[in-house]
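This report refers to the structure that appears directly beneath it.
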Amino acid sequence: MVALSLCYAVYACFSKADGVILSFLLLANLVSSSNGQNCSALQPGQYRCDLPLIDKATQQPIDCSRETLQAPVACRPAPGIFCNGQYFTGEEVGFLGSVTCRFVTGYRFDTALLLSVFGGLFGLDLFYLGYVALGLLKLGTIGGFGLWYLADILLIAIGIVGPADGSTLLTPYYDPPVTLLSRSPLTVYIG
1 MVALSLCYAV YACFSKADGV ILSFLLLANL VSSSNGQNCS ALQPGQYRCD LPLIDKATQQ
61 PIDCSRETLQ APVACRPAPG IFCNGQYFTG EEVGFLGSVT CRFVTGYRFD TALLLSVFGG
121 LFGLDLFYLG YVALGLLKLG TIGGFGLWYL ADILLIAIGI VGPADGSTLL TPYYDPPVTL
181 LSRSPLTVYI G
């Protein structure tokens, strides 16, 4: 009622066209703010998400989906934010966000690299990663006469060669991940 009387008072102060537009805007604002926006549509900085719980065996977030490579985390709107029809104090969970995770099956990065350095001449690194035929070939040529041995050390160290099953080498979650940078139309070169 108060909003309507305010709307009529404002309407009387302006010309007829201005009053109609202003009353429409006030009414639209009242209708749109009655439930607030969806909490999952908040801008970054208006919420904080909890850190994911890390599985000690895989060093990835618990509940990591193998299809989407995403794991759910609880997100809390900042104090005073109004969404989903309520005001938040910063303690309540407003929505479930997601963090990215990687598909790992237990092949460790440090083990693969050590096997490549100390047993690479005999193909131990390739046997470990599941490339049995290539491991036999590397063993038969004594590391490709040393060249294949050096190449595999480099390729494993920078993350190009990984397990044969397509998974990612396991590294501790809070260590910098070994990722391959790719080129795209959005890549900017400085130089």
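full-length UniProt numbering numbers the first residue of the sequence shown as 1 and each following residue consecutively.
Backbone N, C-alpha and C define an ideal beta-carbon position, used for all residues, glycine too.
Treat the numbers as computed from the prediction; the structure is a model and nothing was measured.
query                                                                                                                 : result
Taking buried to mean at least 16 other C-beta atoms within 10 Å of its own C-beta, is Tyr-174 buried or exposed?     : exposed
Using beta-carbon positions only, say whether Thr-58 and Leu-170 come within less than 8 Å of one another.            : yes
Grab the span of the beta strand (DSSP E) containing residue 196 for me, first residue to last.                       : No information on residue 196 is available, as it lies outside the stretch 1 to 191 that the chain covers here.
Which of the three DSSP states is assigned to Leu-124 in this structure?                                              : helix
Can you tell me whether DSSP reads Thr-171 as helix, strand or coil?                                                  : coil
Between which two residues does the beta strand (DSSP E) containing Ala-74 stretch?                                   : 70-77
Phe-82 by DSSP, collapsed to three states: which one?                                                                 : strand
Using the Cα positions of Asp-165 and Pro-52, report the straight-line distance between them to the nearest angstrom. : 26 Å
Return the first residue and the last residue of the alpha helix (DSSP H) that Tyr-149 is part of.                    : 147-157
Under a three-way DSSP split, which group does Phe-118 fall into?                                                     : helix
In this structure, how does DSSP classify Val-40 when only helix, strand and coil are distinguished?                  : A quick correction: the sequence has Ser, not Val, at residue 40. Ser-40: helix per DSSP, three-state reduction.
What does DSSP give as the partner residue(s) for Phe-95 in the beta ladder?                                          : Cys-75
When you compare only the Cα positions, how much space is there between Pro-61 and Leu-114?                           : 26 Å
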